[in-house]
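Protein chains: 2
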Amino acid sequence: MSSTKVLPEIEKYRKAGYDIDPLFVNRWSPRSFTDKEVPEDVLFSVFEAARWAPSSLNIQPWRFILARTNEDLEKFRSFILPGNRTWADKAPVLTLIISKKTDDKVGENAPHAFDTGAAWGFLALQASLKGLATHPMGGFDKEKAREVLNIPEDYAIHAVVAIGYQGEKTDLPENLQEREQPSPRRPLKETIYEGSF
Amino acid sequence: MSSTKVLPEIEKYRKAGYDIDPLFVNRWSPRSFTDKEVPEDVLFSVFEAARWAPSSLNIQPWRFILARTNEDLEKFRSFILPGNRTWADKAPVLTLIISKKTDDKVGENAPHAFDTGAAWGFLALQASLKGLATHPMGGFDKEKAREVLNIPEDYAIHAVVAIGYQGEKTDLPENLQEREQPSPRRPLKETIYEGSF
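So the sequences go chain by chain: E and Z. 1 is the number of the first residue of the first sequence in UniProt numbering; add one for each residue after it. 1 is the number of the first residue of the second sequence in UniProt numbering; add one for each residue after it.
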């Protein structure tokens, strides 16, 4: 099921410096979604992958609020910023990723955001392997999301992710068409420090 | 290169509830490492995968401090807590994952920990696909790490990860042998909220 090769539309934009599984470069964050429905078993496989992410003391601080009915999608749209709504309104599924900041075992769970990021990474890769596109957004009103979705203060709010099948670039508003391509990364040597900072 | 099936030693402990790529359950965090050296191209493929993680505005806040010489490993051992040193001292590679809390584009980069967690998730999966074990630790003295490794205040300190080839369970101290198995996860239905919290 997993990727066996780098997709042709990716090869133009991304070149791995070391031998890695193609799944890591094949995943990117397009903005154009079709209105094709995501079957429930496919959608839940995405969260199932996140479930198996590692976390400090296996606390599993991640939680996902899921919107896939018109009513729930409208609730989400009430706190997504207009710039993102121009494309995200087409996505058939939205999910808000949150994390519990405390735990009975440890009190304050310092790595809750870091661990939840790992779960998000797993989710994004499994989605890509199932042929789904995911696009995470920071552009939403977090306090409004907390209010609309009734999120307790003890949970941190991270990202809204649009999930669905990728659409055509030409279906996007013109100003977004030129951004509709996989993004590059800085060289690895600027990220790794040998021995000390 | 990626996983084609769930490994027999995993099947005993983990069962996915939805159809996911086996790579997500095959990855776990053993404590027993052999002293077999990790070839440089294999080691760097692990960081290369992390490089392609998604991040807010493509800021890529993650950084990795790498220890693979005796001198550098000793520096790391100076801040790892004794309980972890009983097993982590055998790992041929240690890396400290940190993240830059600010960015020229945005000032304070709120999702730095979350985004760096995604990079850690990518790293852990690529390691597993290359036959490497990774074990992340929170059990170390962060302030001492900051001092020993000369880490600026503007960087958050997340986890030390032991990297190497998995050893035999019987090579561990007796009290750790019983914990040397893949951990379970809570049911997905306790993690997903439909529509609102």
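Heads up, the beta-carbon is just placed ideally off N, CA and C, and yes, glycines get one too. The structure presented is a predicted model; accordingly, all values stated were derived computationally and were not measured.
Decide if E:GLY164 is buried, meaning its Cβ has at least 16 other Cβ atoms within 10 Å, or exposed.
For the purposes of this step, residue 164 of chain E is identified with residue 164 of the first sequence, where counting begins at 1. Buried is the call here.
When you compare the CB positions of E:LEU43 and E:ALA67, do they come within less than 7 Å of one another, or not?
As a position in the first sequence, residue 43 of chain E is number 43, starting the count at 1. As a position in the first sequence, residue 67 of chain E is number 67, starting the count at 1. No, Cβ-Cβ distance for E:LEU43 and E:ALA67 is not below 7 Å.
Host beta strand (DSSP E) of E:SER78 (start-end):
Translated into the one-based positions of the first sequence, residue 78 of chain E becomes position 78. Unbroken run through E:SER78: none, as it is neither H nor E.
Which one or two residues does DSSP pair with E:ALA156 in a beta bridge?
Residue 156 of chain E sits at position 156 when you count from the first residue of the first sequence. Beta-bridge pairing links E:ALA156 to E:SER99.
Measure the Cβ-Cβ separation of E:PHE64 and E:PHE140 and say whether it is below 7 Å.
Looking up residue 64 of chain E in the first sequence gives position 64. Looking up residue 140 of chain E in the first sequence gives position 140. Cβ distance not < 7 Å, so E:PHE64 and E:PHE140 don't count as in contact.
From this set, Z:LYS189, Z:LEU188 and Z:LEU172, which residue's C-alpha is nearest Z:GLN181's C-alpha?
Start at 1 with the first residue of the second sequence, and residue 181 of chain Z comes out as number 181. Nearest of Z:LYS189, Z:LEU188 and Z:LEU172 to Z:GLN181, Cα basis: Z:LEU172.
Between which residues of its own chain and E:ALA127 is the CB-CB distance below 7 Å, once the five residues before and five after are set aside?
Within the first sequence, the letter at position 127 stands for residue 127 of chain E. Once the five neighbours on either side are set aside, the close Cβ partners of E:ALA127 are VAL46, THR134 and ILE163.
Determine the closest residue to E:PRO136 out of E:PRO92, E:VAL160 and E:VAL148, with distance taken between C-alpha atoms.
For the purposes of this step, residue 136 of chain E is taken as the residue at position 136 of the first sequence. Per the Cα distances, E:VAL160.
Residue-level contact to chain Z via CB, E:TYR13, 7 Å cutoff:
Position 13 of the first sequence, counted from the first residue, corresponds to residue 13 of chain E. It does not: the Cβ of E:TYR13 has no partner Cβ on chain Z nearer than 7 Å.
Outcome for Z:GLY131 when other beta-carbon atoms lying within 10 angstroms are tallied against a minimum of 16:
Along the second sequence, read from residue 1 onward, the residue named residue 131 of chain Z stands at position 131. Burial call: exposed.
What are the residues of the UniProt region "Disordered" (171 to 197) of chain E that lie near chain Z, defined by any Cβ-Cβ distance shorter than 7 Å?
SER183, ARG185, ARG186, LEU188, THR191, ILE192, TYR193, GLU194, GLY195, SER196 and PHE197
Tell whether a beta-carbon distance below 7 Å holds between E:PRO111 and E:GLU37.
For the purposes of this step, residue 111 of chain E is taken as the residue at position 111 of the first sequence. For the purposes of this step, residue 37 of chain E is taken as the residue at position 37 of the first sequence. For E:PRO111 and E:GLU37, no; Cβs fall outside 7 Å.
Z:LYS75 and Z:VAL148 look like a contact to me (Cβ under 8 Å); what is the Cβ gap, rounded to whole Å?
The residue you call residue 75 of chain Z lines up with position 75 of the second sequence. The residue you call residue 148 of chain Z lines up with position 148 of the second sequence. Right, the Cβ-Cβ distance comes to about 5 Å (below 8 Å), so this counts as a contact.
If you run the structure through DSSP and keep just helix, strand and coil, what is Z:VAL38?
Locating residue 38 of chain Z in the second sequence gives position 38, where the first residue counts as 1. Coil, per DSSP.
Between E:ILE10 and the rest of its own chain, which residues show a CB-CB distance below 6 Å, the 5 nearest in sequence each way excluded?
If you number the first sequence from 1, residue 10 of chain E lands on position 10. So the list reads VAL25, ASN26 and PRO182, once near-sequence residues are dropped.
Need the endpoints of the alpha helix (DSSP H) that Z:ILE151 sits in, please.
Here residue 151 of chain Z corresponds to residue number 151 of the second sequence, with the count starting at 1. First-last for Z:ILE151: undefined, no H or E at that position.
In terms of residue numbering, what span does the beta strand (DSSP E) encompassing Z:ARG63 cover?
The sequence position of residue 63 of chain Z within the second sequence is 63, counting from 1. Start and end: 62 to 67.
Nearest-angstrom Cβ-Cβ length linking Z:GLY117 and E:ALA118, presumed shorter than 8 Å
Translated into positions along the second sequence, residue 117 of chain Z becomes position 117. Translated into positions along the first sequence, residue 118 of chain E becomes position 118. Sure, about 4 Å apart at Cβ, within 8 Å.
In the DSSP output, which residue or residues are listed as bridge partners for E:ALA145?
Within the first sequence, residue 145 of chain E is the residue found at index 145, counting from 1. DSSP lists no partner for E:ALA145.
Check E:MET1 in the structure and name its three-state DSSP category.
For the purposes of this step, residue 1 of chain E is taken as residue 1 along the first sequence, with counting starting at 1. Caution applies to E:MET1, whose pLDDT of 46 falls short of 50 and renders its modelled position unreliable; the value that the coordinates give is listed next. Correct three-state label for E:MET1: coil.
Show which residues of chain Z have a CB atom less than 8 Å away from the CB atom of E:LYS75.
Counting from one through the first sequence, the residue named residue 75 of chain E turns up at place 75. Here the neighbours are GLY195 and SER196.
Using a Cβ-Cβ cut-off of less than 7 Å, give me the residues of the segment 26 to 37 of chain E that come near chain Z, in sequence order.
SER29
Decide if Z:ASN109 is buried, meaning its Cβ has at least 16 other Cβ atoms within 10 Å, or exposed.
Residue numbering aside, residue 109 of chain Z sits at position 109 when the second sequence is read from its first letter. With 16 or more Cβ atoms within 10 Å of its Cβ, Z:ASN109 is classed as buried.
What residue range does the alpha helix (DSSP H) around E:GLU11 cover?
Counting from one through the first sequence, the residue named residue 11 of chain E turns up at place 11. Element bounds for E:GLU11: 8 to 11.
Looking at C-alpha atoms only, which residue of Z:PRO82, Z:ASP35 and Z:ALA124 is the closest neighbour of Z:THR69?
Position 69 of the second sequence, counted from the first residue, corresponds to residue 69 of chain Z. Z:THR69 has its Cα closest to that of Z:ASP35, out of Z:PRO82, Z:ASP35 and Z:ALA124.
Return the chain-ordered list of same chain residues with a C-beta closer than 7 Å to the C-beta of E:LEU188, the five sequence neighbours on each side being excluded.
Here residue 188 of chain E refers to the residue found at position 188 when the first sequence is read from its first residue. Cβ neighbours of E:LEU188 beyond the five flanking positions: GLY17.
Three-way DSSP call (helix, strand, coil) for E:GLY164 in this model:
As a position in the first sequence, residue 164 of chain E is number 164, starting the count at 1. It is a strand residue.
What does E:THR86 touch in chain Z if you count any residue whose Cβ is under 8 Å from its own?
Taking the first residue of the first sequence as 1, we reach residue 86 of chain E at position 86. The contacting residues do not exist; E:THR86 stays about 17 Å from chain Z at best.
Give the straight-line distance between the Cα atoms of E:TRP28 and Z:LYS15, rounded to the nearest whole angstrom.
For the purposes of this step, residue 28 of chain E is taken as the residue at position 28 of the first sequence. For the purposes of this step, residue 15 of chain Z is taken as the residue at position 15 of the second sequence. Each residue's Cα considered, the two are about 28 Å apart.
Take Z:LEU96 as the anchor and find which of Z:LEU123, Z:VAL106, Z:GLY83 and Z:THR86 has the nearest alpha-carbon.
Taking the second sequence and counting its residues from 1, one reaches residue 96 of chain Z at position 96. Looking at the Cα atoms, Z:LEU123 is the closest of the given residues.
Listed by chain order, chain Z residues near E:TYR18 by CB distance under 7 Å:
Residue 18 of chain E sits at position 18 when you count from the first residue of the first sequence. By Cβ distance, chain Z contributes ASP41, PHE44, SER45 and GLU48.
Span separating the alpha-carbon of E:THR191 from that of E:GLU71
Along the first sequence, one-based indexing puts residue 191 of chain E at 191. Along the first sequence, one-based indexing puts residue 71 of chain E at 71. Rounded to the nearest angstrom, the two C-alpha atoms are 43 Å apart.
List the residues of chain Z that E:ASN150 touches, going by C-beta distances under 9 Å, in chain order.
Counting from 1 along the first sequence, the entry for residue 150 of chain E is found at position 150. In chain order: SER196 and PHE197.
Between the Cα of E:GLY107 and those of E:ARG179, E:ILE157 and E:PRO61, spot the shortest distance and give me the residue it belongs to.
Start at 1 with the first residue of the first sequence, and residue 107 of chain E comes out as number 107. The residue with the shortest Cα to Cα distance from E:GLY107 is E:PRO61.
Whole-angstrom C-beta distance between E:ASP115 and E:SER55, which should lie under 8 Å
Numbered from its first residue, the first sequence carries residue 55 of chain E at position 55. Numbered from its first residue, the first sequence carries residue 115 of chain E at position 115. So it is a contact: roughly 4 Å between Cβ atoms.
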